[in-house]
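A.B. asks: What follows is a structure written as structure tokens; I'll ask about it next.
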Amino acid sequence: MGLSMLLSVCSEYGIEHDIKYNSTKSNVMIFSCKKLKDIHIPNFLLNGETLPRVSKYKYLGHIITEDLCDNDDISRQYKRIYAQGNALIRKFYMCTESVKCTLFKSYCTSLYTCQLWCCYRAESMRKLCVAYNNVFRFLCNEPRDCSASYMFVSRGLPTCKMLIRKKIV
Numbered sequence: 003m004g005l006s007m008l009l010s011v012c013s014e015y016g017i018e019h020d021i022k023y024n025s026t027k028s029n030v031m032i033f034s035c036k037k038l039k040d041i042h043i044p045n046f047l048l049n050g051e052t053l054p055r056v057s058k059y060k061y062l063g064h065i066i067t068e069d070l071c072d073n074d075d076i077s078r079q080y081k082r083i084y085a086q087g088n089a090l091i092r093k094f095y096m097c098t099e100s101v102k103c104t105l106f107k108s109y110c111t112s113l114y115t116c117q118l119w120c121c122y123r124a125e126s127m128r129k130l131c132v133a134y135n136n137v138f139r140f141l142c143n144e145p146r147d148c149s150a151s152y153m154f155v156s157r158g159l160p161t162c163k164m165l166i167r168k169k170i171v
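Residues 3 to 171, numbered by our numbering, are exactly what the sequence shown covers, in order.
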């Protein structure tokens with residue numbers, strides 16, 4: 003009820019001051035609650051148009067879900083690491099190891115929005131660390147059984163866990 007009233011006030015204000023709100027770019031997300039699963043949620047109108055209800059939304063690069071879980075954002079991040087790592091591996095396979103380390107550091111160690119991750123499954127974080135390790139392993143032509151921590155520390159790069167700890171603090 004309160005959100006509907008707020009949207010109607012915004013619509014009236016827009017009409018009075020000649021402001022057109024873009025209702026095609028606006029969405030509604032209702033965060034879930036275990037106790038209130040069977041509650042009826044009305045449609046919300048902006049400028050007379052119904053706003054679509056979404057279960058996840060990307061805001062400033064971070065994926066927000068209605069259960070406030072960060073698994074989708076972590077999944078987006080490890081897919082990005084694989085994509086950028088694949089491009090580095092294909093384009094720079096003939097470069098020296100120091101060049102490869104510099105490229106990896108600049109393209110694959112920037113974990114955007116990891117400071118916001120607080121609710122996630124351990125499996126999601128494990129997949130992120132595996133992606134991070136595998137990309138660097140393939141980039142440096144290391145064998146599959148090479149220790150990940152040794153691989154990073156010997157080249158002066160942060161491991162996945164260390165990178166996340168450093169970003170959060």
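Built from N, CA and C at the ideal position, the CB exists for glycine as well.
Note that this is a predicted model, so its numbers are computed, not measured.
Within its chain, find whatever has a CB closer than 7 Å to the CB of Leu-165; leave out the 5 residues flanking it on each side and keep chain order.
C.D. replies: By 1-based counting over the sequence shown, the position of residue 165 is 163. Here the set comprises Thr-111 and Leu-113.
A.B. asks: Taking the CB atoms as reference points, tell me whether Asn-24 and Leu-53 lie closer together than 8 Å.
C.D. replies: Position 22 of the sequence shown holds residue 24. Position 51 of the sequence shown holds residue 53. In this structure, the beta-carbon distance from Asn-24 to Leu-53 does not fall below 8 Å.
A.B. asks: Under the rule that 16 or more other beta-carbon atoms within 10 Å means buried, what is Lys-102, buried or exposed?
C.D. replies: Here residue 102 is taken as the residue at index 100 of the sequence shown, counted from 1. Lys-102 comes out buried.
A.B. asks: Over what stretch of residues does the beta strand (DSSP E) that includes Tyr-59 continue unbroken?
C.D. replies: Position 57 of the sequence shown, counting from 1, holds the residue named residue 59. Here the beta strand (DSSP E) through Tyr-59 covers 58-61.
A.B. asks: Taking three-plus beta-carbon pairs below 8 Å as touching, is the segment 86-93 in contact with the segment 54-72?
C.D. replies: With a cut-off of 8 Å on Cβ pairs, the segment 86-93 is not in contact with the segment 54-72, counting fewer than three such pairs.
A.B. asks: Using the Cα positions of Gly-63 and Ser-156, report the straight-line distance between them to the nearest angstrom.
C.D. replies: Taking the first residue of the sequence shown as 1, we reach residue 63 at position 61. Taking the first residue of the sequence shown as 1, we reach residue 156 at position 154. Between Gly-63 and Ser-156, the C-alpha separation is close to 33 Å.
A.B. asks: Measuring only the C-alpha atoms, how far is Tyr-15 from Leu-9?
C.D. replies: To locate residue 15, count along the sequence shown from 1; it is residue 13. To locate residue 9, count along the sequence shown from 1; it is residue 7. Their Cα atoms are separated by approximately 10 Å.
A.B. asks: Determine the burial state of Leu-70: buried for a count of at least 16 other Cβ atoms within 10 Å of its Cβ, exposed for fewer.
C.D. replies: Taking the sequence shown and counting its residues from 1, one reaches residue 70 at position 68. Residue environment for Leu-70: exposed (fewer than 16 other C-beta atoms within 10 angstroms of its C-beta).
A.B. asks: Starting from Ile-65, trace the beta strand (DSSP E) in both directions and tell me its first and last residue.
C.D. replies: As a first step, residue 65 must be located in the sequence shown, where it is residue number 63. 64-67 is the span of the beta strand (DSSP E), which, as asked, contains Ile-65.
A.B. asks: By a C-beta neighbour count over all protein chains shown, 10 Å radius and 16 as the cutoff for buried, is Cys-35 buried or exposed?
C.D. replies: Along the sequence shown, one-based indexing puts residue 35 at 33. Exposed, by the Cβ-count rule.
A.B. asks: Helix, strand or coil: which one does DSSP assign to Arg-123?
C.D. replies: Within the sequence shown, the letter at position 121 stands for residue 123. Reduced to three states, the DSSP call for Arg-123 is coil.
A.B. asks: How should Gly-50 be labelled, buried or exposed, when 16 other C-beta atoms within 10 angstroms of its C-beta is the threshold for buried?
C.D. replies: Reading the sequence shown from its first residue, position 48 is the one you call residue 50. Around the CB of Gly-50, fewer than 16 other CB atoms lie within 10 Å, so the residue is classed as exposed.
A.B. asks: Using 10 angstroms around the beta-carbon of Gln-117, count the other beta-carbons present and answer buried if the total reaches 16, otherwise exposed.
C.D. replies: By 1-based counting over the sequence shown, the position of residue 117 is 115. Classification for Gln-117: exposed.
A.B. asks: What are the complete alpha helix (DSSP H) segments, minimum 4 residues, inside the segment 121-169?
C.D. replies: Within the segment 121-169, the complete alpha helix (DSSP H) runs of at least 4 residues are 124-141 and 150-155.
A.B. asks: Note down the Cα distance separating Ile-17 from Ser-6, rounded to an integer number of angstroms.
C.D. replies: Position 15 of the sequence shown holds residue 17. Position 4 of the sequence shown holds residue 6. Between Ile-17 and Ser-6, the C-alpha separation is close to 17 Å.
A.B. asks: So what's Leu-118 in DSSP terms, helix, strand or just coil?
C.D. replies: Here residue 118 is taken as the residue at index 116 of the sequence shown, counted from 1. Correct three-state label for Leu-118: helix.
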